[in-house]
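Contents: one structure, followed by commentary.
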Amino acid sequence: MCNYLKNTWYVAAWSEEVTEAALLGRKILDIPVVLYRDNAGEVVALTDRCPHRFAPLSMGKIVNGCVECPYHGLRFNGSGACVHNPHGDGRIPDRAKVISYPVAEKHLAIWIWMGDPAAADPASIPEFEFMEAEDYYIATGSMQVEGNYMLEVDNILDLSHIEFVHPIFSSPAVSRAEVTHEIDGETVWSKRDMLGDDTPPDFIREVFNVPEGPLDRWLHVHWQAPAYMALYAGGVAAGKAFEEGIVSRQAHWFTPETATSTHYFYAMTEPKANGPHMAEVVQQSIQALYGPFKNEDAPIIEAQQRNIGDEDFMAMKPIILNVDAAGMAARKIVDKKIQAESK
Amino acid sequence: MCNYLKNTWYVAAWSEEVTEAALLGRKILDIPVVLYRDNAGEVVALTDRCPHRFAPLSMGKIVNGCVECPYHGLRFNGSGACVHNPHGDGRIPDRAKVISYPVAEKHLAIWIWMGDPAAADPASIPEFEFMEAEDYYIATGSMQVEGNYMLEVDNILDLSHIEFVHPIFSSPAVSRAEVTHEIDGETVWSKRDMLGDDTPPDFIREVFNVPEGPLDRWLHVHWQAPAYMALYAGGVAAGKAFEEGIVSRQAHWFTPETATSTHYFYAMTEPKANGPHMAEVVQQSIQALYGPFKNEDAPIIEAQQRNIGDEDFMAMKPIILNVDAAGMAARKIVDKKIQAESK
Amino acid sequence: MCNYLKNTWYVAAWSEEVTEAALLGRKILDIPVVLYRDNAGEVVALTDRCPHRFAPLSMGKIVNGCVECPYHGLRFNGSGACVHNPHGDGRIPDRAKVISYPVAEKHLAIWIWMGDPAAADPASIPEFEFMEAEDYYIATGSMQVEGNYMLEVDNILDLSHIEFVHPIFSSPAVSRAEVTHEIDGETVWSKRDMLGDDTPPDFIREVFNVPEGPLDRWLHVHWQAPAYMALYAGGVAAGKAFEEGIVSRQAHWFTPETATSTHYFYAMTEPKANGPHMAEVVQQSIQALYGPFKNEDAPIIEAQQRNIGDEDFMAMKPIILNVDAAGMAARKIVDKKIQAESK
């Protein structure tokens, strides 16, 4: 069992995954959900289980902006109400309804609210300025990982694993660089400034356009509960101001599928102001980063989960290193929020 | 956990599946059973677990009408008694026996009684007049479905799912036709008379030999506890008496393997009186119906089961439509019988 | 759940499986263990779960005789102490350690002690004179079996299953021969002397170099707790002293992986004194015996386990034949030792 934070927005899907043409079934916080768009293009998210015989609605079809159960043709509208019973006198039983989850579209994603609907305020969806398509080229990806979502949060907030898990990004300057963190209200920053790198990998030089001489590069991650992260990867000729450098802005967002599996949504972005060739750069970036995610991070996280099994991570009393400060702060904030909900 | 009706006959296999040449292992009501024929051709059904080291007897062989354990050669006769210990002085321990389940052959099937053997009366095996090979051509099939057997009963008793799950059988006249039910003692009828069908599918016209003009067609299902159904699919030129029409008679029989899986036995039949070409018709029918069973019904039932998980179906408080009346009546009768057994 | 004997040596691997070049992860008594050799070639066995984030150390690498965690580069030495924290000030938390299991090398194998380390005395590793490479040609093999290790012990101690499970080794003389057993302190002998065999299989004649005339052959198994067996397969022209015959000496050693799975280590040996061609004979033997192990014994044992499920074997009240005497004696000794440990 896993206690999830309920009164918060989770990413259910990328916007382009949800259409008027097809139903998308996806388990979120252990609950089967079906997603689609109604005739007005508005996203609908309903419990993916007909209250009649419990067939998954996602096996059915979209009819007039409603979802029709594959088994007996009951239709449910966007509010979750049964609006059509094709049988007998067509009377609709009082209890013929499914939960309709509040949803909102923002930052190219569908956000879903699994908690008290009265508390669902789209204004509380986190802001990611670089996820605005007007100003940025954005390439998106997603992945299923067989590990608890907080192991994923640990992974991104923890900038110390680079030289061990992703050696191609490394250099002695990386290993020398300290990992620091800052708690900013209910958000957490994790930072690693790798300064005066004399021997960065060639492709890193290329990305930051510093063909020779020492390079200052940095990774700054900003976390918001429960599992939203912005990652800023920057570089500049050593000694210059960071502001003069090139910064790649990434989104890393995690949604619990179950206690031991996670929907991972990620995006690479570049400012349109930097020129139209950036449209291609973000596509290259997202392809280039798929390998490390899939072949280096995911295997570790899934192996951690196998070693943890059904136990509670903190109950197993992990030892805490200074590099865990950001991740531990994030866990503490999430736990506090979950406890506040249970009151 | 699933409470099964014990004192009743279940179909263990089609007769032709059980031979003198080979052992057949099959789990029934959660119990491993081995089936074979002795020298006289009589069917034997024993617990498929040697009392010595618990090896499955079905991995052994048939020797002189006995089953020989694959591991140490203990032999058990049709009554379940160990009759041969090839080791040492050959003494047979008192407890060296397995349960021998009452069996009977009828309607081309092997029927097994998992309850109190004293109560096993072959006369109580349900009667299916069209399953008599003397008068009918009969084609049989079977399938494993990962769903509780009562979901299968619901499926066949419920004649309202046709236009949603099996659209090729449908037409507006089908959708207009009401589903009715009758309770007849401890049996249940479910009926759908689809009258004046102006636009039946072509192959339906062919089956019922009504090449043009409106067609009256009907589906009548008769259920007996726990999971035996006869399905009568008839058709005739509209307005004529049903008796003048053509009727296809089908058997749909379900045996619980576990709480969440089912052995499905089905048969298509045609009267020999209708001519020798009917021998081929039943073969075509059974092949034609395999597709809808396997690709349309089974995926829904298995998806229902996944959504239900280990919970009790009724405890999940499904909403009840009028089309569920037959299925609900059947569930009520089965539950009453199970409760009567537990007293 | 399975109660294992803890204060005893188990075979963790064949010596050649564990090197200075690669980490070997293996679950033993439900505990993940990582095995490798340090710079001095000494074998190290540690819990295969970093105390920091619970990643498996076996996914990491060997650095200076230490194992480096794949995730954050913590290094643990052979005693299980963390000796290197590459992050921040490099301070090593007090609890940064893993269990180091006592190990010893003997008989071409790595022996591991999962119990109280203070009690681990390499002198208590069982003696197998024919497993000394100085005097014997030795061919080794291993196999994973999905069955409890005591089902494996039963299997080897039980010499009565030959004619049923391994018919190619059989003949009427085998079936006539009685199985006897002797309890020798805390060890058990199981014996089957098959005398005057007029019709042994041809390859058996060849093995024992008795091309014609009746053959005396025998199988003697010696068991030591918890699961170490020496099997002596001998043959000689009928009537001659056993001492004049040819004897093949085999090791059959079992290590519990979990309650329902086992690491099976086996070896075929021949005295070097019998000539250099014996080097090839042991290779042929081990290949020849792989088939019966894998295709005849393992399927039965795995099917037993499926029929037993999670239940306790003895709690299922198996019937006991005289041929089970050796196996039952072994179980009694193991149970007694386990009970002694729990006091």
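Protein chains in written order, with the working numbering: chain B, 1 to 343; chain X, 344 to 686; chain E, 687 to 1029.
Positions of the beta carbon are idealized from the N, C-alpha and C atoms, including for glycine.
Close Cβ partners of residue i (< 7 angstroms) along its chain, the five nearest in sequence each way excluded
i       : result
G766(E) : L732, K783, V784, I785 and S786
E988(E) : V831, E832 and G833
D653(X) : none
Closer than 8 angstroms to chain B by CB, residue i
i       : result
L664(X) : yes
F512(X) : no
A741(E) : yes
M745(E) : yes
Y787(E) : no
D655(X) : no
V517(X) : no
I643(X) : yes
E550(X) : Sequence check: residue 550(X) is Val here, not Glu. No, V550(X) does not count as interfacial toward chain B.
Chain X contact for residue i (CB, 8 angstroms cutoff)
i       : result
F265(B) : no
I848(E) : no
T876(E) : Going by the sequence as given, residue 876(E) is Ser instead of Thr. No - not a single Cβ of chain X is within 8 angstroms of the one on S876(E).
R95(B)  : yes
G80(B)  : no
V865(E) : yes
Boundaries of the beta strand (DSSP E) in which residue i is found, first to last residue
i       : result
P172(B) : No beta strand (DSSP E) holds P172(B); the alpha helix (DSSP H) holding it covers P172 to R176.
P642(X) : First-last for P642(X): A641 to I651, but that is the alpha helix (DSSP H), not the beta strand (DSSP E).
L881(E) : T873 to D883
R560(X) : L558 to Q567
E791(E) : V789 to K792
V922(E) : Y914 to A923
F597(X) : I589 to T601
F608(X) : S604 to P614
Y353(X) : W352 to W357
Neighbour-count burial assignment, residue i, 16 or more Cβ in a 10 Å radius
i        : result
I168(B)  : exposed
V753(E)  : buried
Y10(B)   : buried
N688(X)  : Past the edges of chain X, shown from 344 to 686, lies residue 688(X), and the structure says nothing about it.
V361(X)  : buried
H277(B)  : exposed
Q144(B)  : exposed
M316(B)  : exposed
Q305(B)  : buried
N498(X)  : buried
M1000(E) : exposed
E270(B)  : buried
Sequence-distant residues of its chain with Cβ nearer than 6 angstroms to residue i (five each side left out)
i       : result
P687(X) : Because chain X in this structure spans residues 344 to 686, residue 687(X) falls outside the shown range and cannot be described.
G416(X) : P429
V244(B) : The amino acid occupying residue 244(B) in the given sequence is Glu; Val does not appear at that position. So the list reads V236, once near-sequence residues are dropped.
M344(X) : Unreliable placement is indicated for M344(X), whose pLDDT of 48 sits below 50; no coordinate value is reported for it.
Proximity test, Cβ basis, 8 angstroms: residue i and chain E
i       : result
M316(B) : yes
I183(B) : no
M344(X) : Annotation note: pLDDT 48 at M344(X) (below 50); position unreliable, coordinate value reported separately. For M344(X), the answer is no, since every Cβ of chain E falls outside 8 angstroms of its Cβ.
G416(X) : yes
A303(B) : yes
H620(X) : no
D154(B) : yes
P569(X) : no
N638(X) : no
Own chain, CB closer than 8 angstroms to residue i, minus 5 neighbours either side, in chain order
i       : result
V426(X) : C409, R418, F419, N420 and I435
Y149(B) : P226, A227, F254, T255, P256 and T262
Bounding residues of the alpha helix (DSSP H) (the contiguous stretch that carries residue i)
i        : result
V496(X)  : Y492 to L500
D1030(E) : Residue 1030(E) is absent from the structure shown; chain E starts at 687 and stops at 1029.
S285(B)  : M278 to G291
I681(X)  : A668 to E684
E849(E)  : I848 to V851
Cross-chain neighbours of residue i in chain C, by beta carbon under 7 angstroms
i       : result
R392(X) : Absent from the structure: chain C. Protein chains present are B, X and E.
At what residue ranges does the segment 451-486 of chain X contain a whole run of the alpha helix (DSSP H), taking only runs of 4 or more?
Runs of the alpha helix (DSSP H) inside the segment 451-486 of chain X: none found.
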